[in-house]
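Going by my numbering, the letters in the sequence shown line up with residues 36 to 752, in that order. Quick notes on the structure that follows.
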Amino acid sequence: MTKLKILDLSFNKLSGEIPDNFSSLADVDYIYLTGNQLTGAVHPWILQKAQTVDLSYNNFDATNTDCEERSINLFASSAVDNATSYPATSGLATCLKNRPCPENRHNLFINCGGGEVEIGDNIYADDSASLTPASSSFPDGKFWGYSSTGHFLDDSINADNYIVNNDNISILSKDNAQLYMNARRSAISLTYYGFCLVNGIYNVRLHFAEISFTGNNSYKSLGRRAFNVYIQGKLVWKDFNIVIEAGGVGKEVIRNFTANVTKGTLEIRLYWAGKGTNAIPTRGVYGPLISAISVYYPGFKIQGESASISAGTVVGIVAAIVFVVFLFLVILWWRGCLGREDETAQDLKVLALQIGSFTLRQIKAATNNFDVANKIGEGGFGSVYKGLLSDGTTIAVKQLSSKSKQGNREFVTELGMISALQHPHLVKLYGCCIEGNQLVLVYEYMENNCLARALFGPEEFQLKLDWGTRHKICVGIARGLAYLHEESRLKIVHRDIKATNILLDKDLNSKISDFGLAKLDEEDNTHISTKIAGTYGYMAPEYAMHGYLTEKADVYSFGIVALEVVSGRSNTSYQKKEKCFYLLDWARVLKERGNLMDLVDQRLGSHFDEKEVLAMINVALLCTNATSALRPLMSSVVSMLEGKVAVPVLDSEGTIITEETIEAMRKHFKGDEDQAVDENISKSMLTDGPWTGTASSTSVNDLYPINPDTDNWQNRK
């Protein structure tokens, strides 16, 4: 132990004081005790013998001498000092207790890792000082500081570089690009403190851009970064991934939070929990990374500065305000957009969205002033146009129709939903434009339009989709829905899954679009009673008839789309006024007849995998079960389509036959004669309805195995 070079006892929940005999570690260079519950004073030998010390996230007693030692980090701590106005840590309270606070401080702007810049009316403070590992900085004359913990021990090249620079950043919005030219990073934890703030509820905006990785096909493009975000000690975002949230490398992403400042101190902590890339292929780029911080108190009014005003002045001011408001309302009424614009502005304010913003001039330039030649679609929301940005990015522009009454609400819903979602099988939202009565969403462009047009649209637009591509499309839809239902932070029911809302990119990868009718799923409710909205033919029966909405409604809709993919036909097609063809009914008829392969699209000929086709049809029939509880989860659907699990067997009534089902039957009918009961159950399972499924599907023998040496169908227990 006396020859030890690195002492790392971090995150072990150790308590008590550091033993005196630790002073015998004569050759130690690095001491890491962060993340424990250690108490007492800091030993002098720590300062004398070690080059780098990290004592953060403990409860040590700090002294003024410790505050001057920048290599010793005491500021990130679990202790709370209620005797001062700095509740974050005992070390912080000790080091700042004699610093005078100016009155009425109500905002904070920091250009993390960069120099001082002016953005609009706000000046972002210089934060370009290069520090040593496991250190802190509370500069004189500034009312903020930060604490960094950890050391990049495995990266000799970048071990002491805690500022990331990039001169070639490319982001959609150029107005605040200076904030993303640099960023500050840390190996484990990076905490920013603002103090001397007026108490109240603050808006906290955190600016990020991934500038350590590359977006090309080089080795360094394979890196991944994930960290947790805490505001005032509360976890507000787990496993935050800048690349996923921003939609790529070198792109800005802003996330908005609220913070309750009660004793003048604000704490923003970014913490690396061990996820992402920390070795090959991108050494030394793990840990939290942040570009800028904006903190402001909405509607702040300086207290104690009221002055006496004459009655005449008050009357004049009130009259002027009334006249201006009246004139403004008249102008809005004359333009015919009074109600809609006010409602949208209010909804957007509540959502507090932080996504890319485009000007109407940019949109008109990209679409050639909404030229009809660039029109690629039409829906209930409005028209969709193809556009080209000045940087060469191809976009899809969805414009709210001026005649749409429902579109206004759908616009706000879609903006709120999709801005919080990022997944390879969901259409990516670049931003929006809100100017006057113009409401526009800007999406990534999908080269092959929608699945409906590819399968059964006008003949000149149909695509020759082989079976492998169709199978890939269905798996992609299932993965996207599994993300919405089970994996995303917001549990969402799409409510309008249909072939026209499944878009195809240049490689024929499927992506779910149109979240205008999407609804948040409430975790405490097993169902949601709501106004019916969707497309008939794709709506689950319990939702269409009774208004009961769960994620199983999307599962039903997926089953319909899967049947359409297999057959190449729309679920509902009208041949004559008195006749209507329903694909689902036809599939059930073919199932009863044992002719499911007749459902396959004739355009495929014999070029398909019969096992995969049968699996997909049976999965679709499972998903469209009339009883919602018997429909599988979308994660199970993905596993079945990928062949990882067998497709459950259905009886003639569409009920899934499982071991639990057989056991329930046995208990229900069990009498004195066990043998007769078992015989009746076995015979009923053999004779009631066809057994369907793939070659790998569960069989009777799998569910209820027979020992050929001792058992037979007549005398088994």
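Beta carbons: idealized from backbone N, C-alpha and C, even for Gly.
What's the C-alpha gap between residue i and residue j?
i	j	result
VAL407	LYS546	25 Å
TYR228	PRO135	16 Å
ASN472	ILE398	14 Å
CYS468	LEU631	49 Å
TYR332	ILE266	15 Å
PRO137	GLU482	57 Å
ASP64	ALA308	25 Å
ILE41	ALA294	38 Å
PHE95	HIS78	10 Å
GLU103	SER58	Confidence is the limiting factor: at GLU103 the pLDDT is only 49, short of 50, which leaves the residue's position unreliable, though a coordinate-based value still follows. In a straight line, the C-alpha of GLU103 is about 22 Å away from that of SER58.
VAL477	HIS458	17 Å
TYR465	ALA218	23 Å
ASN622	LYS433	According to the sequence displayed, residue 622 carries Ala and not Asn. When rounded, the distance between both Cα atoms is 36 Å.
TYR583	SER663	10 Å
ALA431	GLU479	6 Å
GLU470	GLY417	16 Å
ILE223	HIS186	8 Å
LYS336	ILE532	Because the pLDDT of LYS336 is 43, which lies under 50, any placement of that residue in the model is unreliable, and the number read from its coordinates should be weighed accordingly. Computed Cα separation, rounded: 48 Å.
ALA61	LYS679	57 Å
VAL365	ILE352	20 Å
GLU790	GLN72	Since the first residue of the chain shown is 36 and the last is 752, residue 790 is not available in this structure.
ALA597	TYR591	10 Å
VAL682	LEU143	57 Å
SER45	GLY70	6 Å
GLY629	LYS410	45 Å
SER91	LEU519	38 Å
VAL462	LEU49	48 Å
LYS646	ASN93	60 Å
For residue i, count the other beta carbons within 10 Å of its own beta carbon; 16 or more makes it buried, fewer makes it exposed. Which is it?
i	result
ALA355	exposed
HIS581	exposed
HIS460	buried
ALA76	exposed
TYR571	exposed
ASP162	buried
PHE496	exposed
LEU649	buried
GLY232	The sequence shown places Leu at residue 232, rather than the Gly named in the question. Buried is the call here.
THR297	exposed
VAL329	The sequence shown places Ser at residue 329, rather than the Val named in the question. Per the 10 Å Cβ criterion, buried.
ASN291	exposed
LYS541	exposed
GLY503	exposed
ASP713	Here ASP713 scores only 44 on pLDDT, less than 50, and its place in the model is too uncertain to base an answer on.
PRO54	exposed
SER247	buried
ASN624	The sequence shown places Val at residue 624, not Asn. When all chains shown are included, VAL624 counts as exposed.
VAL350	exposed
THR659	buried
ASP633	exposed
Am I right that residue i and residue j are in contact with their C-beta atoms under 8 Å? What's the rounded C-beta distance?
i	j	result
ILE652	VAL601	6 Å
SER182	THR226	5 Å
SER221	GLY322	5 Å
ILE277	ARG260	6 Å
LYS286	ALA327	Going by Cβ atoms, the distance from LYS286 to ALA327 rounds to 15 Å, so no, they are not a contact pair.
ALA487	LEU500	ALA487 to LEU500, Cβ: 12 Å. No contact.
GLY412	PHE491	With 8 Å as the limit, GLY412 and PHE491 do not qualify as a contact, their Cβ atoms being about 16 Å apart.
ASN139	ALA160	Wrong, their Cβ atoms sit about 18 Å apart, outside the cutoff.
ILE508	LEU474	Not a contact, Cβ separation roughly 31 Å.
GLY594	ARG530	At roughly 15 Å, the Cβ-Cβ gap does not stay under 8 Å, so GLY594 and ARG530 are not in contact.
Check whether the Cβ of residue i lies closer than 7 Å to any heavy atom of the ligand NAD, and answer yes or no.
i	result
SER170	No copy of the ligand NAD occurs in the structure displayed, which carries no ligand at all.
Counting pairs of beta carbons, one from the region 169-177 and one from the region 360-367, are three or more of them closer than 8 Å?
no
Do three or more CB pairs link the region 569-577 to the region 507-527 at distances below 8 Å?
no
Three Cβ pairs or more, each shorter than 8 Å: is that satisfied between the region 632-639 and the region 666-674?
no
So, does the region 279-290 touch the region 302-309, judging by three or more C-beta pairs under 8 Å?
no
Which runs of the beta strand (DSSP E) at least 3 residues long sit entirely within the region 57-90? Give them in chain order.
65-67, 72-76, 87-89
Taking three-plus beta-carbon pairs below 8 Å as touching, is the region 518-535 in contact with the region 652-667?
no
Could you give the uninterrupted runs of the beta strand (DSSP E) lying entirely in the region 132-170, keeping only those of 3 residues or more?
142-147, 152-154, 157-162
Every unbroken beta strand (DSSP E) within the region 450-520, with a cutoff of 3 residues, ordered by chain:
464-470, 473-479
Runs of alpha helix (DSSP H) wholly within the region 387-427 (minimum 4 residues, chain order)
395-402
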